[in-house]
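J.: With the working numbering applied, the sequence shown corresponds to residues 219 to 742, in that order.
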Amino acid sequence: MFDLKEVITGSVNKTKNILKKSIAKKITITSIVGATLVLGTAYADSGGEHLSNVYHVYVDDELIGTVADEEDIQQYINEWAEEEQEKEGDGVTLVPSQEVEFIEEFVFSANTDQEEVVDALEEQLTFDAAAIELRANDEIIGYVKNLDEANQAVNQVISQYLPDGVDEEISLLEEELEEMIGHSAELVDLLPQNMFQTGNINSTLEEEDGLHYQQTIELDGSTVLDVGFTENVTFSEVAVDSSKLLNVDQLAKMIERGTMTQQIHEIQDNEALSTVASDYDLSVDELIEINPDVEEDSVIRVGDELNVTGLSSLIEVSYTETITEEESIEYETITEQTDSLYEGESEVEQSGSDGLKELKYEVTMNNGEELERNLVEEEVIEEPRDEIIKEGTKVISSRGTGDFAWPAVGGSVTSTYGPRWGSHHDGIDIAGVSDRSILAADNGVVVEAGYHSGGHGNRVIIDHNNGYRTLYAHLSSIDVNVGETVKQGSTIGQMGTTGRSTGIHLHFEVEKNGQTVDPGPYIR
Numbered sequence: 219m220f221d222l223k224e225v226i227t228g229s230v231n232k233t234k235n236i237l238k239k240s241i242a243k244k245i246t247i248t249s250i251v252g253a254t255l256v257l258g259t260a261y262a263d264s265g266g267e268h269l270s271n272v273y274h275v276y277v278d279d280e281l282i283g284t285v286a287d288e289e290d291i292q293q294y295i296n297e298w299a300e301e302e303q304e305k306e307g308d309g310v311t312l313v314p315s316q317e318v319e320f321i322e323e324f325v326f327s328a329n330t331d332q333e334e335v336v337d338a339l340e341e342q343l344t345f346d347a348a349a350i351e352l353r354a355n356d357e358i359i360g361y362v363k364n365l366d367e368a369n370q371a372v373n374q375v376i377s378q379y380l381p382d383g384v385d386e387e388i389s390l391l392e393e394e395l396e397e398m399i400g401h402s403a404e405l406v407d408l409l410p411q412n413m414f415q416t417g418n419i420n421s422t423l424e425e426e427d428g429l430h431y432q433q434t435i436e437l438d439g440s441t442v443l444d445v446g447f448t449e450n451v452t453f454s455e456v457a458v459d460s461s462k463l464l465n466v467d468q469l470a471k472m473i474e475r476g477t478m479t480q481q482i483h484e485i486q487d488n489e490a491l492s493t494v495a496s497d498y499d500l501s502v503d504e505l506i507e508i509n510p511d512v513e514e515d516s517v518i519r520v521g522d523e524l525n526v527t528g529l530s531s532l533i534e535v536s537y538t539e540t541i542t543e544e545e546s547i548e549y550e551t552i553t554e555q556t557d558s559l560y561e562g563e564s565e566v567e568q569s570g571s572d573g574l575k576e577l578k579y580e581v582t583m584n585n586g587e588e589l590e591r592n593l594v595e596e597e598v599i600e601e602p603r604d605e606i607i608k609e610g611t612k613v614i615s616s617r618g619t620g621d622f623a624w625p626a627v628g629g630s631v632t633s634t635y636g637p638r639w640g641s642h643h644d645g646i647d648i649a650g651v652s653d654r655s656i657l658a659a660d661n662g663v664v665v666e667a668g669y670h671s672g673g674h675g676n677r678v679i680i681d682h683n684n685g686y687r688t689l690y691a692h693l694s695s696i697d698v699n700v701g702e703t704v705k706q707g708s709t710i711g712q713m714g715t716t717g718r719s720t721g722i723h724l725h726f727e728v729e730k731n732g733q734t735v736d737p738g739p740y741i742r
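(1) Helix, strand or coil: which one does DSSP assign to P410?
(2) Just verifying my parser: in three-state terms, what is the DSSP assignment at R591?
(3) When burial is assigned at 16 or more other CB atoms within 10 Å of the CB, is Q733 buried or exposed?
(4) Per the DSSP calculation, K612 is bridged to which residue(s)?
(5) Answer yes if the stretch 603 to 616 comes into contact with the stretch 545 to 559, meaning at least three C-beta pairs across the two stretches below 8 angstroms, and no otherwise.
(6) So, do the stretch 646 to 658 and the stretch 617 to 629 have three or more beta carbon pairs nearer to each other than 8 angstroms?
(7) Can you tell me whether H268 is buried or exposed? The criterion is at least 16 other CB atoms within 10 Å of its CB, across all chains shown.
(8) Check whether the stretch 326 to 341 and the stretch 475 to 495 touch, using three or more Cβ-Cβ pairs below 8 angstroms as the test.
(9) Which term fits L343, buried or exposed, when burial requires 16 or more other beta carbons within 10 angstroms of its beta carbon?
(10) Going by DSSP, what residue range makes up the beta strand (DSSP E) through T527?
(11) Since L281 contacts Y361 with CB under 8 angstroms, what's their CB separation in whole angstroms?
(12) When we look at the beta-carbon of T422 and count the other beta-carbons within 10 Å, is it buried (16 or more) or exposed?
(13) Can you give the Cα-Cα distance for A649 and N684, rounded to whole angstroms?
(14) Assuming G272 contacts V325 under a Cβ cut-off of 8 angstroms, what Cβ separation, rounded to an integer in Å, is found between them?
(15) Taking the alpha helix (DSSP H) that S496 falls in, what are its first and last residues?
(16) Tell me whether S630 sits in a helix, a strand or coil according to DSSP, three-state version.
(17) For the alpha helix (DSSP H) holding K305, just list the boundary residues, first then last.
(18) Measuring CB atoms only, is the stretch 493 to 507 touching the stretch 524 to 538, in the sense that at least three cross pairs come out at less than 8 angstroms?
(19) Where DSSP assigns a beta bridge to E357, which residues make up the other side?
(20) Is E550 helix, strand or coil by DSSP?
(21) Between the Cα of A470 and those of G521, E548, I376, E504, spot the shortest distance and give me the residue it belongs to.
(22) With a CB to CB cut of under 6 angstroms and the five nearest residues on each side skipped, what residues in its chain are close to A354?
(23) Check this for me: beta carbons of D644 and G618, under 9 angstroms apart or not?
(24) Would a C-beta distance cut-off of 9 angstroms place I196 and D557 closer than the cut-off?
(25) Should L405 be labelled buried (16 or more other beta-carbon atoms within 10 Å of its own) or exposed?
(26) From the DSSP output, which residues share a beta bridge with P625?
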């Protein structure tokens with residue numbers, strides 16, 4: 219647990235029983251004698267008459283009346299304060315706003331009116347709340363009921379910036395105060411940086427050019443913490459109207475909001491007014507307002523300086539810690555050539571997989587923002603496996619083998635070569651396939667690929683440069699171009715029903731030396 223309750227030095231007195239002591243501080247008693255006394259006796263030198271003591275009551279140096287017994291008035295004020303305090307709720311301590319003074323006097327004839335004094339008190343006396351006042355550079359930040367609440371507010375701001383797993387309180391304030399009410403002396407003046415280092419718990423307090431506080435704690439990993447106030451911050455015990463008291467959350471917001479701090483920003487590459495304003499939580503209009511020489515359409519150049527004065531948190535929490543992250547190592551793709559595949563063909567011989575490495579960084583954070591990250595160690599946990607792709611170099615022969623392959627994926631002949639319906643069918647029809655891909659029956663060069671208006675619809679003609687040509691008709695789509703060399707079994711299109719067709723099928727023809735022949739004996 220962080221504990222900075224030693225930050226205030228000097229001679230200070232603890233404040234206890236705040237209500238009674240606060241009221242007592244506001245009520246003073248002074249004695250005077252109104253007749254000549256002889257030999258210290260309480261008798262007149264002539265008649266033996268007794269002297270009576272009375273109390274003149276003053277509120278802020280104004281006489282409001284005389285009473286015979288000051289204790290009755292004090293008790294009345296105490297009870298009144300307690301009644302008012304009950305209305306304020308728990309934790310609020312009320313004290314008189316005015317100074318009440320009793321001046322004792324010994325007189326021969328007492329002339330008192332307690333009711334008159336009570337009436338005057340009810341008319342003039344008011345109560346304020348005892349409070350802790352927080353100031354930064356003499357600017358009031360807010361008031362809370364006690365030092366504990368002030369500490370809670372400070373810690374609430376600090377806790378949101380601490381490293382993960384560190385949620386213990388840091389007490390930047392001290393319970394002891396130099397005086398009780400109305401004293402504005404500086405109570406704490408922390409330097410902007412108070413160093414914490416890893417190790418065994420060991421607190422020290424030093425004074426050198428100001429107040430330094432150092433506490434060493436042990437955390438997981440290597441962590442250095444700097445915690446402190448960014449401005450000259452003071453805490454004093456004062457009396458204020460209870461309506462000015464903030465709760466812990468409200469004071470925390472005021473601390474986080476901070477005070478106006480003057481800063482100058484030097485323009486870097488690719489910066490504009492909008493980006494600079496955004497970086498400092500300002501609108502463009504606000505940025506222009508604090509830079510009178512700048513207009514919305516002004517051209518800013520690298521090296522120009524802009525005033526970016528704005529609100530800055532009173533708390534600064536910075537730390538450097540070592541963190542470990544895992545990162546994948548992308549695999550590489552290696553391409554190898556092989557003559558076992560035709561040009562344009564490729565296959566994956568070995569699939570690739572990413573590797574894994576562990577990275578250790580020293581990360582510097584300031585109020586939740588990462589300022590710097592340095593890599594200090596890198597370890598490979600798993601090596602990546604390269605992807606190996608084989609690319610073909612084998613040249614496709616434009617001359618066919620003379621041995622035709624089945625031009626479809628499965629299926630059967632539904633109409634043969636020869637006479638049909640009073641005419642001659644120049645090829646065969648194939649249907650009932652498992653895949654509609656149309657395959658080149660042999661190696662060759664595409665000499666026609668497009669739509670044929672004579673009834674074939676989309677068709678492809680391949681010249682096998684050995685006296686043979688093959689024709690593929692009624693295709694739904696064509697996958698080759700004229701002049702392209704294709705190899706036996708390669709896909710040249712998709713089976714369809716374009717042109718004059720009775721359904722989805724392939725019309726396949728074989729031509730030998732310019733004459734169509736029955737494909738049946740040629741295909742296998």
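Cβ coordinates follow ideal geometry from the N, Cα and C atoms, glycine included.
Because the structure is a prediction, the values reported are computed rather than measured.
T.: Quick look at the numbers:
(1) Position 192 of the sequence shown, counted from the start, is the residue given in the question as residue 410. The pLDDT assigned to P410 is 28, lower than 50, so where the model puts this residue is not dependable, and the model offers no usable value.
(2) Numbered from 1 along the sequence shown, position 373 holds the residue referred to as residue 591. In this structure, R591 counts as strand in the three-state DSSP scheme.
(3) To locate residue 733, count along the sequence shown from 1; it is residue 515. Classification for Q733: exposed.
(4) As a position in the sequence shown, residue 612 is number 394, starting the count at 1. Note: K612 sits in a beta bridge opposite Y560.
(5) Yes, the stretch 545 to 559 is in contact with the stretch 603 to 616.
(6) Yes, since at least three Cβ pairs between the stretch 646 to 658 and the stretch 617 to 629 fall closer than 8 angstroms, the two stretches touch.
(7) Looking up residue 268 in the sequence shown gives position 50. Exposed, by the Cβ-count rule.
(8) The stretch 326 to 341 is not in contact with the stretch 475 to 495.
(9) Numbered from 1 along the sequence shown, position 125 holds the residue referred to as residue 343. L343 is buried by the Cβ-count criterion.
(10) Translated into the one-based positions of the sequence shown, residue 527 becomes position 309. Careful: T527 lies outside any beta strand (DSSP E) and carries neither H nor E.
(11) Position 63 of the sequence shown, counted from the first residue, corresponds to residue 281. Position 143 of the sequence shown, counted from the first residue, corresponds to residue 361. In fact, because the Cβ distance is near 33 angstroms, the residues do not count as touching under 8 angstroms.
(12) Working through the sequence shown from its first residue, we reach residue 422 at position 204. A caution first: T422 carries a pLDDT of 27, below 50, which makes its placement in the model unreliable, though a value can still be read off. Label assigned to T422: exposed.
(13) Sequence index remark: in the sequence shown, residue 649 carries index 431 (1-based). Sequence index remark: in the sequence shown, residue 684 carries index 466 (1-based). C-alpha separation (whole angstroms): 28 angstroms.
(14) Counting from 1 along the sequence shown, the entry for residue 272 is found at position 54. Counting from 1 along the sequence shown, the entry for residue 325 is found at position 107. The sequence shown places Val at residue 272, not Gly. V272 to V325, Cβ: 6 angstroms. Contact.
(15) Walking along the sequence shown from the start, residue 496 turns up at place 278. That run of the alpha helix (DSSP H) goes 491 to 497.
(16) For the purposes of this step, residue 630 is taken as residue 412 along the sequence shown, with counting starting at 1. For S630, the secondary structure class from DSSP, reduced to helix, strand or coil, is strand.
(17) Residue 305 sits at position 87 when you count from the first residue of the sequence shown. Here the alpha helix (DSSP H) through K305 covers 288 to 306.
(18) Inter-segment contact for the stretch 493 to 507 and the stretch 524 to 538 is present: three or more beta-carbon pairs are separated by less than 8 angstroms.
(19) For the purposes of this step, residue 357 is identified with residue 139 of the sequence shown, where counting begins at 1. Its beta-bridge partners are A354.
(20) Indexing the sequence shown from 1 puts residue 550 at position 332. Reduced to three states, the DSSP call for E550 is coil.
(21) Sequence index remark: in the sequence shown, residue 470 carries index 252 (1-based). Ranking the options by Cα distance to A470, first place goes to I376.
(22) In the sequence shown, counting from the first residue as 1, residue 354 sits at position 136. E449, V451, T477, L532.
(23) What you label residue 644 is simply residue 426 of the sequence shown in a count that begins at 1. What you label residue 618 is simply residue 400 of the sequence shown in a count that begins at 1. No, the Cβ-Cβ distance between D644 and G618 is not below 9 angstroms.
(24) With the chain covering only 219 through 742, there is no way to say anything about residue 196.
(25) Numbered from its first residue, the sequence shown carries residue 405 at position 187. With a pLDDT of 28 at L405, under the threshold of 50, the modelled position of that residue is not reliable, and the figure given next carries that caveat. L405 should be labelled buried.
(26) As a working note, residue 625 is residue 407 in the sequence shown. BP columns for P625 are empty, so no partner.
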